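If you read the protein sequences in the order shown, they are chains A, B and C. 0 is the number of the first residue of the first sequence in numbering that gives the first Met the number 0; add one for each residue after it. 0 is the number of the first residue of the second sequence in numbering that gives the first Met the number 0; add one for each residue after it. 0 is the number of the first residue of the third sequence in numbering that gives the first Met the number 0; add one for each residue after it. Input: a single structure, listed below in structure tokens.
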Amino acid sequence: MSGKLLIKNNATITKKSVATHDVSLTSALPWIGPALILIALVVIWPVVELVRISFTDITIAGSLLDFHGFTNYRELLANPDLYPVARRTLLWVFGIVFSTVILSLPLAQLINQDFPGRKYVRWALIFPWAASVVMTSMIWTWILDAYSGEFNLTLTQIGLITEPVDWVNNPGNSFYVLMAVAVFVSIPFTTYVLLAGLQSIPNDIIEAAAVDGAGHWQIYRQIKFPLLRNSLLIATIINLINVFNSFPIIWIMTRGGPGYETDTTTTFAYKLAFIESNMGQSTALGVFNFIVILLIVSLYLKVTKATRTEL
Amino acid sequence: MKNTKSKTISVKKVATMTGAYFIAWFFLYPYINMFLTSVRSHEELYAHPTTHLPQAWQWRNYLDVWDNAPIANFLKSSLIISISATILALVVSLPAAYFLARYRFKFRGAFLLLVLATQMFSPTALIIGIFREVDFFSLLDSYLALIILNAGFNLAFSIWLLAGFFSSIPIEIEEAALIDGCTRIQALRRVTIPIALPGVVTAIIFTFVAAWNEFTIALTIISSINKKPLPVGLTQFIGQYDIAWEYLFTATIIAIIPVVVLFIVIERYLVSGLTAGSVK
Amino acid sequence: MKRPTKRRIAALASLGLVAAALAAAPAQANVTIKVVTPNYTDAMPAYYEDLNARFMAANPTIKVVHENLSWDDILVKGRTFISTKSYPDVLNLNTFSEFAAEGLLYKTSDLFTEAKLSDFVTAFRDNSKYNGVEYAVPDLASARMFFINKALFYGAGNTKIPKTWADVTAAAKKIKAKYGSKVYPLAIPLGSEEAQAEFQIWAGGNGGRYFDEKNKKWVINSKENLETLNQLRAWVKAGYTQPNPASTNRTDAFKLFSQGRVAMINASVFFPSTLKDYKSKVDYGVAPFPSANASKKPITLGVQDYFMAFKKEGNKDAVSKYLNFLFEGKNYAGFLKAAGGFIPATKSASTEVDSSLLPFIEQLPNAIFYPGTLGAWGPVVAKITTQIGTGITKNPKTVLDSLQKAAESAGTN
Numbered sequence: 000m001s002g003k004l005l006i007k008n009n010a011t012i013t014k015k016s017v018a019t020h021d022v023s024l025t026s027a028l029p030w031i032g033p034a035l036i037l038i039a040l041v042v043i044w045p046v047v048e049l050v051r052i053s054f055t056d057i058t059i060a061g062s063l064l065d066f067h068g069f070t071n072y073r074e075l076l077a078n079p080d081l082y083p084v085a086r087r088t089l090l091w092v093f094g095i096v097f098s099t100v101i102l103s104l105p106l107a108q109l110i111n112q113d114f115p116g117r118k119y120v121r122w123a124l125i126f127p128w129a130a131s132v133v134m135t136s137m138i139w140t141w142i143l144d145a146y147s148g149e150f151n152l153t154l155t156q157i158g159l160i161t162e163p164v165d166w167v168n169n170p171g172n173s174f175y176v177l178m179a180v181a182v183f184v185s186i187p188f189t190t191y192v193l194l195a196g197l198q199s200i201p202n203d204i205i206e207a208a209a210v211d212g213a214g215h216w217q218i219y220r221q222i223k224f225p226l227l228r229n230s231l232l233i234a235t236i237i238n239l240i241n242v243f244n245s246f247p248i249i250w251i252m253t254r255g256g257p258g259y260e261t262d263t264t265t266t267f268a269y270k271l272a273f274i275e276s277n278m279g280q281s282t283a284l285g286v287f288n289f290i291v292i293l294l295i296v297s298l299y300l301k302v303t304k305a306t307r308t309e310l
Numbered sequence: 000m001k002n003t004k005s006k007t008i009s010v011k012k013v014a015t016m017t018g019a020y021f022i023a024w025f026f027l028y029p030y031i032n033m034f035l036t037s038v039r040s041h042e043e044l045y046a047h048p049t050t051h052l053p054q055a056w057q058w059r060n061y062l063d064v065w066d067n068a069p070i071a072n073f074l075k076s077s078l079i080i081s082i083s084a085t086i087l088a089l090v091v092s093l094p095a096a097y098f099l100a101r102y103r104f105k106f107r108g109a110f111l112l113l114v115l116a117t118q119m120f121s122p123t124a125l126i127i128g129i130f131r132e133v134d135f136f137s138l139l140d141s142y143l144a145l146i147i148l149n150a151g152f153n154l155a156f157s158i159w160l161l162a163g164f165f166s167s168i169p170i171e172i173e174e175a176a177l178i179d180g181c182t183r184i185q186a187l188r189r190v191t192i193p194i195a196l197p198g199v200v201t202a203i204i205f206t207f208v209a210a211w212n213e214f215t216i217a218l219t220i221i222s223s224i225n226k227k228p229l230p231v232g233l234t235q236f237i238g239q240y241d242i243a244w245e246y247l248f249t250a251t252i253i254a255i256i257p258v259v260v261l262f263i264v265i266e267r268y269l270v271s272g273l274t275a276g277s278v279k
Numbered sequence: 000m001k002r003p004t005k006r007r008i009a010a011l012a013s014l015g016l017v018a019a020a021l022a023a024a025p026a027q028a029n030v031t032i033k034v035v036t037p038n039y040t041d042a043m044p045a046y047y048e049d050l051n052a053r054f055m056a057a058n059p060t061i062k063v064v065h066e067n068l069s070w071d072d073i074l075v076k077g078r079t080f081i082s083t084k085s086y087p088d089v090l091n092l093n094t095f096s097e098f099a100a101e102g103l104l105y106k107t108s109d110l111f112t113e114a115k116l117s118d119f120v121t122a123f124r125d126n127s128k129y130n131g132v133e134y135a136v137p138d139l140a141s142a143r144m145f146f147i148n149k150a151l152f153y154g155a156g157n158t159k160i161p162k163t164w165a166d167v168t169a170a171a172k173k174i175k176a177k178y179g180s181k182v183y184p185l186a187i188p189l190g191s192e193e194a195q196a197e198f199q200i201w202a203g204g205n206g207g208r209y210f211d212e213k214n215k216k217w218v219i220n221s222k223e224n225l226e227t228l229n230q231l232r233a234w235v236k237a238g239y240t241q242p243n244p245a246s247t248n249r250t251d252a253f254k255l256f257s258q259g260r261v262a263m264i265n266a267s268v269f270f271p272s273t274l275k276d277y278k279s280k281v282d283y284g285v286a287p288f289p290s291a292n293a294s295k296k297p298i299t300l301g302v303q304d305y306f307m308a309f310k311k312e313g314n315k316d317a318v319s320k321y322l323n324f325l326f327e328g329k330n331y332a333g334f335l336k337a338a339g340g341f342i343p344a345t346k347s348a349s350t351e352v353d354s355s356l357l358p359f360i361e362q363l364p365n366a367i368f369y370p371g372t373l374g375a376w377g378p379v380v381a382k383i384t385t386q387i388g389t390g391i392t393k394n395p396k397t398v399l400d401s402l403q404k405a406a407e408s409a410g411t412n
């Protein structure tokens with residue numbers, strides 16, 4: 000009860016302190032103009048190119064010929080390989096984001112506690128974030144190698160396996176191993192966002208609840224978790240985007256193979272363009288991916304509007 | 000009573016510590032393995048059965064790698080590109096974020112949408128367009144192109160984060176400075192930005208790390224060996240039928256160190272920075 | 000020690016360049032050519048650094064901008080260069096015909112004298128033609144043979160080198176019986192690195208091809224190819240191969256062989272030098288590749304890569320000089336050495352090869368080649384490479400049919 004009251008007060012205070020002067024667009028330009036120019040140059044221009052190429056006839060060697068309408072799109076939709084890849088992409092995105100969040104919540108709780116050596120635990124968590132995903136994928140490939148990887152060596156020595164297990168390549172588990180590496184890479188950022196959320200919860204709320212006789216789990220569920228909701232939503236959405244666009248993990252560990260059996264739409268688009276010289280279908284898929292992303296953006300805006308009125 | 004309480008706490012603490020140390024080890028594990036691989040000889044990499052620790056610690060790899068590839072040049076390029084891109088992103092995003100936080104104007108929503116949408120694109124999908132554009136401006140094989148591109152692709156996070164920060168700072172503080180005779184810019188520089196410092200630091204680290212690890216654009220835009228940043232330069236160790244893993248990992252460890260040191264120095268700011276941006 | 004020396008050379012070279020450029024400037028305009036090459040081994044960058052410095056010193060009006068890329072990266076960057084029309088001047092790659100088909104390349108007769116051209120091995124020249132005209136020169140080539148780990152092979156009680164698929168089965172059976180799961184009798188790497196070659200060399204021994212040159216049509220789903228795929232499946236199913244052949248890359252299989260864990264493997268001419276790099280202790284023998292049965296002719300698969308030059312305003316003289324310089328005796332020998340253990344593409348360089356290459360060169364008369372002269376070959380081979388391995392786990396007929404369909408829609412030009 001007291002907790003809820005406090006949050007309400009907090010919100011009122013925040014709203015009051017934010018100025019909402021209405022100003023003309025021209026006076027805004029000196030402030031936002033540079034950002035607009037940079038975005039137009041760096042993102043909008045290549046996007047326009049992408050859309051243009053997707054409506055163009057393009058040769059095997061990659062030369063652009065004439066405008067030819069929706070042919071690339073029709074060919075893409077007629078490509079039977081697209082559909083399993085699209086289904087797998089859904090598993091990829093939602094499986095990874097869900098697992099990441101589920102694992103990051105208790106982890107954030109853990110490194111928010113005070114214990115000797117906490118600083119070093121936090122530093123350790125920083126490594127996967129600081130190292131490039133390319134190199135992290137390479138080292139996991141190396142560790143999980145069926146014949147000379149350290150993982151199988153360890154499992155053999157402690158007697159869990161007798162035959163080497165081909166973690167990365169067994170058709171049965173290949174894709175899940177890729178997903179696990181993606182979760183490994185996503186956890187640090189997510190945990191830090193949630194840690195930040197936990198730290199922003201005023202101690203007096205929790206102390207008050209404890210005095211009222213609430214248990215740890217009760218405090219977490221009824222006070223901390225609702226207050227974490229905003230950071231959780233933001234972490235989730237950023238993860239959705241990053242995981243959807245994720246390329247290096249799959250590319251380095253399996254090339255999306257065998258066949259297209261571990262491809263997502265992102266790696267499939269790349270394979271079409273640069274391996275199979277099918278730039279037409281690839282750009283069409285790029286535009287489709289863009290539409291999916293736009294849907295995510297709308298969702299994102301809706302969420303942020305609902306929770307962060309001041310922005 | 001008191002005694003039992005402190006006892007249960009210490010048991011709980013031990014459990015917490017054990018769990019936390021195990022998790023820390025888990026996240027460090029691949030990089031420890033990378034380090035142990037980097038000090039093996041090439042021959043040992045292909046030995047069977049393999050071993051947990053190197054048979055002979057070949058520290059020489061850390062010296063030899065500098066002779067086998069222009070690592071110093073790669074590092075220099077990476078630093079120039081990442082630092083400049085970070086500064087550019089900051090210079091552009093600070094005023095935009097401030098204005099977004101303090102004012103309402105026409106098309107503000109559209110601008111926000113645009114900013115957010117830019118974060119949703121992977122450079123990989125846009126690479127052909129990017130190449131054409133850079134060629135159009137005759138900026139192929141230049142640092143400038145990479146600086147602008149890296150700044151642009153990471154602008155969204157900066158603007159979004161900083162705007163959240165600025166709007167959490169009570170405007171009264173700024174108004175007080177204005178009354179004291181500061182101009183708006185001065186008030187921003189002397190009062191608002193220092194208060195928002197954790198947010199600024201967070202934006203810096205995000206942009207820097209993203210630029211430091213960027214691969215696809217750098218691969219496509221840069222041709223001269225001496226201008227290649229580290230992630231692209233490292234591919235030199237990848238031959239057609241043999242990879243010099245020991246050098247690849249040696250150079251990767253070298254590349255990770257500056258970023259981790261940067262992280263360690265500013266970790267405190269990072270956490271409070273994320274707080275203000277995300278939870279309001 | 001290495002670095003300062005290199006720097007000094009570079010400094011001297013650039014000093015020389017400046018002086019030469021100053022002297023020559025009034026007479027002639029400078030030409031810059033962009034040379035893009037793949038990283039056969041990590042000795043390539045140093046080779047080109049030296050070659051280009053000497054070339055520029057000898058030709059002060061030409062500036063060489065060189066980029067050496069890993070094989071993965073050259074596909075991406077090469078594609079980007081072409082589709083944005085910023086062609087390199089000289090390109091070293093494993094296909095040429097799609098560029099020739101679009102009229103982007105110089106004929107080799109524009110770049111080399113006939114005397115020089117006649118020094119290239121004739122069979123390789125024939126593979127460098129598009130519509131009967133040579134648009135590229137071979138840079139090096141490989142052939143494949145059957146490598147056997149003698150200790151494992153003879154230790155299991157085998158006495159005769161396998162000549163047919165049935166012999167392979169019999170030998171594999173003995174090896175498996177003797178060593179159990181510690182050793183894989185046969186490695187079949189059908190991962191996306193080189194699956195097209197692994198499949199072709201087995202299929203070739205059954206008379207199977209990807210393209211019927213005589214009737215000008217794709218024959219990927221032929222009876223011979225299907226039989227081959229079924230045989231490979233049978234070996235996998237019997238447990239004679241390493242697990243997951245569809246995901247095993249050539250490099251992984253080589254590594255297993257070098258560790259003494261594989262008894263029989265298809266490997267290329269450079270494999271002995273790779274084994275040396277790995278410091279492998281395996282005592283191996285090389286034999287002609289087994290064919291399907293006694294009535295079928297044993298073959299080897301010849302593979303070659305190409306140097307090509309793109310037509311650009313005013314670059315013809317420079318690219319011609321550059322390529323001729325590269326193929327000069329000493330320079331080309333250096334190229335072969337840096338690339339590591341391939342078969343030379345010129346007759347003159349073939350006289351001084353390492354003795355380990357000789358059995359492979361002897362096999363060349365039996366070599367079959369990819370249909371690399373087709374304009375559509377590039378995209379078709381890419382698809383075969385990524386998809387053929389799935390024939391091990393999926394329905395082989397369906398896999399071959401879908402590849403056939405993709406090839407047919409790519410055309411036969």
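Note that CB positions come from ideal geometry on N, CA and C, so glycine has one too. None of these values were measured; they are calculated from a predicted model.
Please give the ranges of any alpha helix (DSSP H) in the segment 217-281 of chain C, keeping only runs that are unbroken, at least 4 residues long and fully inside the region. Complete alpha helix (DSSP H) runs here, min 4: 222-236, 249-257 and 270-276.
Using a Cβ cut-off of 9 Å, pull out every chain A residue sitting near leucine 68(C), in sequence order please. Those within 9 Å of leucine 68(C) in chain A number zero; the least Cβ separation is about 13 Å.
What do you reckon, are the CB atoms on alanine 268(A) and leucine 294(A) nearer than 8 Å? Not a contact, by the Cβ cut-off of 8 Å.
Which residues in chain B have a C-beta closer than 7 Å to the C-beta of phenylalanine 318(A)? List them in chain order. Lying outside 0 to 310, the shown extent of chain A, residue 318(A) is not represented and no answer is given.
Straight-line CA distance for alanine 155(C) to asparagine 205(C)? Between the alpha carbons of alanine 155(C) and asparagine 205(C) lies a distance of about 27 Å.
Taking only the alpha-carbon atoms, compute the straight-line gap between alanine 195(B) and arginine 267(B) and give it to the nearest angstrom. Cα to Cα, the separation comes out at about 14 Å.
With three or more C-beta pairs closer than 8 Å as the rule, is the segment 123-132 of chain C touching the segment 93-105 of chain C? Using a Cβ-Cβ distance cut-off of 8 Å, the segment 93-105 of chain C and the segment 123-132 of chain C are in contact, since at least three pairs of beta carbons, one from each stretch, lie closer than that value.
For isoleucine 126(B), the three-state DSSP class (helix, strand or coil): For isoleucine 126(B), the three-state secondary structure derived from DSSP is helix.
Between the segment 159-174 of chain B and the segment 197-210 of chain B, do three or more beta carbon pairs fall short of 8 Å? Verdict: yes, contact present.
Need the endpoints of the alpha helix (DSSP H) that tyrosine 46(C) sits in, please. First-last of the alpha helix (DSSP H) with tyrosine 46(C): 43-57.
Using CA atoms only, rank isn't needed, just tell me which of Thr88(A), Gly258(A) and Leu177(A) is closest to isoleucine 248(A). Answer by Cα proximity: Leu177(A).
Any C-beta of chain C sitting closer than 8 Å to the C-beta of proline 257(A)? Output row for proline 257(A): interface = yes.
Within 8 Å, strictly: CB atoms of valine 167(C) and proline 289(C): Cβ atoms of valine 167(C) and proline 289(C): closer than 8 Å.
Output yes or no for whether 8 Å exceeds the beta carbon distance between valine 180(A) and serine 136(A). Cβ distance < 8 Å, so valine 180(A) and serine 136(A) count as in contact.
Beta-carbon of glutamate 42(B) versus every beta-carbon of chain A: anything under 8 Å? Chain A, which has no Cβ nearer than 8 Å to the Cβ of glutamate 42(B), makes this no.
Looking only at C-alpha atoms, which of Glu275(A), Met278(A), Ile251(A) and Phe287(A) sits nearest to threonine 264(A)? Threonine 264(A) has its Cα closest to that of Phe287(A), out of Glu275(A), Met278(A), Ile251(A) and Phe287(A).
Would you mind reading off the limits of the beta strand (DSSP E) that contains threonine 265(A)? No beta strand (DSSP E) holds threonine 265(A); the alpha helix (DSSP H) holding it covers 264-269.
Between which residues of its own chain and glycine 238(C) is the CB-CB distance below 6 Å, once the five residues before and five after are set aside? Same-chain partners within the cutoff: there are none.
How would you list, in chain order, the residues of chain A whose beta-carbon sits under 8 Å from the beta-carbon of tyrosine 61(B)? Simply none; closest approach about 17 Å.
Test item: CB-CB of alanine 170(C) and phenylalanine 152(C) under 8 Å: A contact, by the Cβ cut-off of 8 Å.
Compare the Cα-Cα distances from lysine 275(C) to each of Lys254(C), Asn265(C) and Pro287(C) and report the closest residue. Looking at the Cα atoms, Lys254(C) is the closest of the given residues.
On the CB-based measure, 16 or more other CB atoms within 10 Å of its CB, does threonine 99(A) come out buried or exposed? Buried, by the Cβ-count rule.
Whose C-beta lies closer than 6 Å to the C-beta of leucine 143(A) among residues of the same chain, with five residues either side of it excluded? Answer for leucine 143(A): Phe150, Trp166 and Val167, listed in chain order.
Using the C-alpha atoms, what's the distance from alanine 266(C) back to threonine 299(C)? One C-alpha to the other measures close to 11 Å.
Is DSSP giving valine 13(B) helix, strand or coil here? When secondary structure is reduced to three states using DSSP, valine 13(B) falls in the helix class.
Kindly indicate the opening and closing residues of the beta strand (DSSP E) around phenylalanine 205(B). Per DSSP, phenylalanine 205(B) belongs to no beta strand (DSSP E); it is in the alpha helix (DSSP H), 196-212.
Which same chain residues, not among the five before or five after threonine 411(C), have their C-beta less than 8 Å away from its C-beta? Correct list, in chain order: Phe210, Lys215, Lys216, Trp217, Leu373 and Ala375.
Between glutamate 206(A) and chain E, is there a C-beta pair that is closer than 8 Å? No chain E appears in the structure shown, which is made up of the protein chains A, B and C.
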